[in-house]
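Counting in my numbering, the sequence shown runs from 1185 upward without gaps.
Below is one structure, written out as structure tokens; comments come after it.
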Amino acid sequence: MELANKIALITGGSSGIGRETAKLFALEGAKVAIADIDAVGGLSVLNEIKESGGNAMFHQIDVTCESEVINWITDVVNQWQGIDILVANAGILAIGTVEQATELDWDRVLAVNIKGYAFCAKHVAVHIRQRGGGAIVNVASMASFIAFPAFALYNTTKGAVLQLTKSLACDLAPDNIRVNCVCPGAIDTLQTQQFAESQGLKKEDVIAQIAQKVPLKRVGHAREVAHAIVFLASEKASYITATPLLIDGGYTAN
Ligand SMILES: NC(=O)c1ccc[n+]([C@@H]2O[C@H](COP(=O)([O-])OP(=O)(O)OC[C@H]3O[C@@H](n4cnc5c(N)ncnc54)[C@H](O)[C@@H]3O)[C@@H](O)[C@H]2O)c1
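Here it is as structure tokens:
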């Protein structure tokens, strides 16, 4: 097991990439503290993990609210006496150009996709430091590198997650805390469904269209991203920090 006896926090664990990551972390021996705004999904993943013999807890929080992040982390530490790993994953899609976006659109996407990541890192760092080191994995995107047309807000936030990752990596390296990010390409999750709906298209048609542009000729599965997150969080990545790992089927090589 890659994560035996580790205590890991995962945001956005109720659905998609976060959900698969929480399940895989538990299979790899970690105790998993899941936080998400969606309690229905959170409780169902919690049950799944427990039914397969894993150890997990769920907190319903909004990562944009710093006091809720603090309360979550405090509660986990009170119950499990420490933290080794953070996976900052909770994110939202925002569609549109700069000209189309409203102030409210910007406020929400910056809050979830950037501030939420920063609040979690800020308040776990002290606990990971106390354990003598550990790992943070941020979920960025291939949009950290390339700009998708009419995705200006999302592209901007995912570019920022890459720089946040590098900044944290430099600042936390003296404490033996490694900070990396995964950069998924097109992965079949709720976000794909939301995108299809926003365009008035069927999800299957969107997936088929995207697959044509991917060298591997398919979209990815959330579990394939989860495996990369386990690797970066594990001792196997002990000399890797400040690094973005693309999981995009070759999309950005074209
Ligand atoms: N699906 C893709 O193709 C893809 C590609 C690249 C990057 N990503 C990134 O992966 C991450 C996970 O996305 P996903 O595709 O699994 O989407 P998803 O919608 O299935 O999961 C996102 C989860 O985050 C939670 N969440 C949203 N806002 C929150 C908040 N304020 N507080 C707490 N929880 C909140 C949602 O409830 C949901 O459970 C996101 O950061 C996303 O940008 C996804």
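Think of the CB as a built atom: it goes at the ideal place given N, C-alpha and C, for glycine as much as any other residue.
Residue i - DSSP class collapsed to helix/strand/coil
i	result
A1421	helix
Q1244	strand
G1202	helix
N1189	coil
A1406	helix
T1195	strand
L1430	strand
A1217	strand
N1322	strand
F1335	strand
V1366	strand
I1361	strand
N1142	Examination of residue 1142 is not possible in this model, given that the chain is present from 1185 through 1438 alone.
G1317	coil
G1300	helix
I1371	strand
G1280	strand
F1329	coil
L1416	helix
V1390	helix
G1275	coil
L1400	coil
Residue i, buried or exposed, once every other Cβ within 10 Å from all chains shown has been counted against 16
i	result
F1209	buried
L1437	First, the residue type needs correcting, since residue 1437 is Ala and not Leu in the sequence shown. That one is exposed.
L1348	buried
K1386	exposed
G1231	The displayed chain sequence assigns Asn, not Gly, to residue 1231. With fewer than 16 Cβ atoms within 10 Å of its Cβ, N1231 is classed as exposed.
N1339	buried
E1381	exposed
K1401	exposed
S1328	buried
V1310	exposed
V1366	buried
M1326	buried
D1291	exposed
K1234	exposed
A1188	exposed
G1237	exposed
K1420	exposed
D1432	buried
G1275	buried
Boundaries of the alpha helix (DSSP H) in which residue i is found, first to last residue
i	result
V1261	1250-1264
Q1383	First-last for Q1383: undefined, no H or E at that position.
G1226	1223-1235
L1288	1287-1294
Enclosing beta strand (DSSP E) for residue i [first to last residue]
i	result
I1269	1269-1272
Below-7 Å beta-carbon distance, residue i vs any chain B residue
i	result
D1359	This model lacks chain B altogether; it includes just one protein chain.
Query - the segment 1294-1313 touching the segment 1236-1254, judged by at least three CB pairs closer than 8 Å - result: Three or more beta-carbon pairs drawn from the segment 1294-1313 and the segment 1236-1254 are found closer than 8 Å, and the two stretches are therefore classed as touching.
Query raised in the report: When the Cβ atoms of the segment 1317-1327 are set against those of the segment 1283-1293, are three or more pairs found closer than 8 Å?
Result: Not touching, per the Cβ criterion.
Query raised in the report: Is the segment 1210-1218 touching the segment 1235-1243, taking contact as three or more C-beta pairs under 8 Å?
Result: Yes: the two stretches touch, three or more of their Cβ pairs being nearer than 8 Å.
Query raised in the report: Looking at C-beta atoms only, is the number of pairs between the segment 1343-1357 and the segment 1387-1406 that lie closer than 8 Å three or more?
Result: The segment 1343-1357 is not in contact with the segment 1387-1406.
**Report entry** Stretch pair the segment 1428-1436 + the segment 1195-1209: three plus CB contacts closer than 8 Å
**Finding:** The answer is no - the segment 1195-1209 does not touch the segment 1428-1436, with fewer than three Cβ pairs under 8 Å.
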